[in-house]
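Under our numbering, think of the first position of the sequence shown as 1169, with each following residue one higher. Cβ coordinates follow ideal geometry from the N, Cα and C atoms, glycine included.
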Amino acid sequence: MEKLIITACITGAEIEKRDFPNLPTTPEEQAQEAWACRMAGASIIHLHVRNEKGESTQDRVYFERAFKAIKEKAPDLIIQPSTGGSVGMTAEERLQPISLRPEMATLSCGSVNFGDGVFMNTPQNMEAFAERMKAEGVKPEIEVFDVGMINNALALVKKGLVAMPLHFDFVMGVPGGIPGTPKNLLHLVESIPPGSTWSVAGIGRTELPLGVMAIILGGHVRVGFEDNVYYKKGEPCKNNAQLVARIARLAEELGREVATPEEARVILGLKVK
Ligand code: KMH
Ligand code: ZN
């Protein structure tokens, strides 16, 4: 089995610092958190950024600051900005981090109810996002919130907008999306083309069991405050690295080695630095 890639989604767009003071929101806090996650075994940082008021933003300037701070502290990490942003943002707004030409970025492949709102990704949006990423040489991570989104990604491949092999991230347990059950994860894994790579991001209490399944099945794992802020029931996390360290520890117990960022680049077909 190939080595395990651990992605740390350290901030997200939905959680508020006033509800969860340990959330890293400034570039300095994000850099510190990214470094600690790297030390604990993460090779990718999935990044959302916040403005001075702590609000979610896709403004290029804020991404630029966060990239700089993270690269100074942990230069070898793969930084994967979000193009999902927050529910209600426009496509142009969401696409801003792509102009920084990151190695990877997320590409959501369909619309989904998202709590009380709708996370909108029309076919036209998806094509425009894929085209922009292709033009800038950015590898998409295909975000799948429900099973039909796999087909939407394959439609982008047919149009020549995304190249195989694909890398999927199954985001499971969003209220409105596919529930985070073991059976559903198996179904998703069996539904992607051979040769694809995949990771799982279980929301809330599904994060840990789905992560363990991914370790065993040969997938990869995403953990962090974007998806879950509890270490266990009733015990909030102190930091993101705690969640990364637990996955790394379980992988070791289960005989799966954890990838360095350089090894992750090879697994994902990114340019090796
Ligand atoms: N915040 C969600 C509405 C991504 O990062 O690409 C979308 C999201 C997906 O988080
Ligand atoms: Zn995200």
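For the ligand ZN, a non-hydrogen atom lies closer than 7 Å to the CB of Cys1177. Per DSSP, reduced to three states, the secondary structure at Gly1386 is coil, with no helix or strand assignment.
Ranked by Cα distance from Gly1328, the options Val1357, Glu1358, Phe1336 and Glu1295 are led by Glu1295.
For Ser1267, the three-state secondary structure derived from DSSP is helix. Taking a 10 Å sphere around the C-beta of Glu1182, we find fewer than 16 other C-beta atoms and assign the residue as exposed.
With a cutoff of 7 Å, Ala1181 counts as near the ligand KMH, since its C-beta is closer than that to a heavy atom of the ligand.
Residue range Ile1246 to Pro1249 is occupied by the beta strand (DSSP E) that includes Pro1249. According to DSSP, Tyr1230 shares a beta bridge with no other residue. Per DSSP, Glu1311 is not a residue of any alpha helix (DSSP H); the beta strand (DSSP E) it occupies stretches across Lys1307 to Val1312.
Residue environment analysis places Glu1421 among the exposed positions, since fewer than 16 neighbouring C-beta atoms fall within 10 angstroms of its C-beta. By the beta-carbon neighbour count (other beta carbons within 10 angstroms, threshold 16), Ala1273 is buried. Shown here, Pro1362 sits in coil according to DSSP, grouped into three states, outside any helix or strand. For the ligand KMH, no non-hydrogen atom lies closer than 7 Å to the CB of Gly1305. Taking 7 Å as the cut-off, one finds at least one heavy atom of the ligand ZN near enough to the beta carbon of His1216. CA-to-CA, the gap between Val1306 and Pro1291 works out to about 19 Å.
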